[in-house]
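> My structure is below; once you've seen it, I'll send some questions.
Residue numbers (this note's numbering): 3 to 136.
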């Protein structure tokens, strides 16, 4: 039964546009989060590829362009923890690594909910600890 369900699910994925929709949502979400960070005046960045996103929290306060920066620098684990907790209170859960994976079921409502949660979280984290400015 499990194998049949798995084969059926793989057929749906292969014949549908679920991956394309999830990847497109990922691109829109990364763009929208970078808009949130710019509006908040923090030098953070959302980056990733396909249906994933990661958040660079810029603990050293470097000047950066969210669309073009080196994400290999590691961000601060405590900042990631605070961000995740702030997002959870707004109904959004990200991975402990500071990012997430997008599903084909995510749409405009989830995009705006996530962007609003990030805007609130950036403000909450910023009140507790000075954030790097743009």
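Built from N, CA and C at the ideal position, the CB exists for glycine as well.
All values derive from a computational prediction rather than experimental measurement.
1) Pick helix, strand or coil for residue 15, following the three-state DSSP scheme.
2) Using the Cα positions of residue 7 and residue 48, report the straight-line distance between them to the nearest angstrom.
3) Go through its chain and collect everything with a Cβ distance to residue 106's Cβ below 6 Å, but skip five positions before and after it.
4) Whole angstroms is fine: what's the gap from residue 86's alpha carbon to residue 11's?
5) Quick one: any contact between the segment 90–108 and the segment 117–126, if contact means 3 or more CB pairs under 8 Å?
6) For residue 128, collect the residues of the same chain with a Cβ closer than 8 Å to its Cβ; drop the 5 residues on either side in sequence, then sort them by chain order.
7) For the segment 42–95, which segments carrying the beta strand (DSSP E) assignment without a break, of at least 3 residues, lie completely within its bounds, in sequence order?
Judging by the given coordinates:
1) helix
2) 35 Å
3) 20, 23 and 24
4) 31 Å
5) yes
6) 42 and 44
7) 47–49 and 54–58
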